[in-house]
Amino acid sequence: RTMGADGEATSAVSRPGNRDDFDRLYRENYPRLLRTLYAITGDAAAAEDCVQEAFVKAWRAWPRFRPERAPEGWLHQIAVNTAISYRRRAKLRSVGEILRRLGRPGAGTDPGDAATRSDVVTALAGLPPRVAADFVLRYHHGYNNREIARLEGVSERTVGARLAQARDELSRRLGPGWRGELPTSETAGVHFPRERSGVRDA
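The sequence shown begins at 21 in the working numbering and counts up by one.
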């Protein structure tokens, strides 16, 4: 993500159908999308699968991409919709299964702290997907409300309402002791690849 003179997110010019431009978008957006979909799915492996599936869909649609649209927002919508579809397919999965996939605390980790972090991940996964996505974009990735609104193609008022809903619901689920921390890949006991060289061919 780069910033323009007005402080808002900007994108390099993307040429529909151009493989180099798509690979650049992949490298620049993969980490953000992975963490956002992790908040939606509550499962690191599922988040990675959803991101890969989203990029395959995006690559197939890339020749038809409209250059006047921000490519980050276009990718974001595809990725979030993919994660929503995953959640619908997996809606009967138990919380116990989510926690099992998160992994057990490692040596030297306070079990109580690990349980709290797992609770945060589970609570995020219990939010409406777009609410969870906005919360992670705001408080984990550092986007402001205007940037989130432009990314998703909604109003700032909608973003503000989603963030308020997320804060209220997380406070209700996690109790007064929750201070607003979000788990990272390290603290949640899962590992995310840090670098990708390009999207897999469909």
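For every residue, glycine included, the Cβ atom is placed at its ideal position computed from N, Cα and C.
query	result
Examine the Cβ distances between the segment 142-149 and the segment 51-65 and report whether three or more of them are shorter than 8 Å.	yes
Let me know the secondary structure DSSP gives L119 once reduced to three states.	Note that L119 scores a pLDDT of 42, beneath 50, so its modelled location is shaky and nothing firm can be said.
Is H160 helix, strand or coil by DSSP?	coil
I think P149 touches F85, with their Cβ atoms under 8 Å apart; what is that distance to the nearest whole Å?	23 Å between Cβ atoms; not a contact.
Out of P91, T56, V141, V140, which one is the CA nearest neighbour of Y46?	P91
Which runs of the alpha helix (DSSP H) at least 4 residues long sit entirely within the segment 43-94? Give them in chain order.	64-81
What do you reckon, are the CB atoms on R55 and V156 nearer than 8 Å?	yes
Rounded C-beta distance between G262 and E167? I'm assuming under 8 Å.	A query on residue 262 cannot be resolved here, the shown segment of the chain reaching from 21 to 222 and no further.
Can you tell which of R158, T178, V140, A169 has the C-alpha that lies nearest to the C-alpha of S191?	V140
Can you tell me the Cβ-Cβ gap for A74 and I104, rounded? I've got them flagged as a contact below 8 Å.	In fact, because the Cβ distance is near 11 Å, the residues do not count as touching under 8 Å.
To the nearest angstrom, report how far apart A184 and A169 are at their CA atoms.	15 Å
When DSSP labels each residue in this structure, what does L194 get in the three-state scheme?	helix
Under the rule that 16 or more other beta-carbon atoms within 10 Å means buried, what is A134, buried or exposed?	Below a pLDDT of 50, predicted positions are generally treated as unreliable, and A134, at 44, falls in that range; the measurement from the model is reported next regardless. With 16 or more other Cβ atoms within 10 Å, it is buried.
Measure the Cβ-Cβ separation of L53 and V76 and say whether it is below 8 Å.	no
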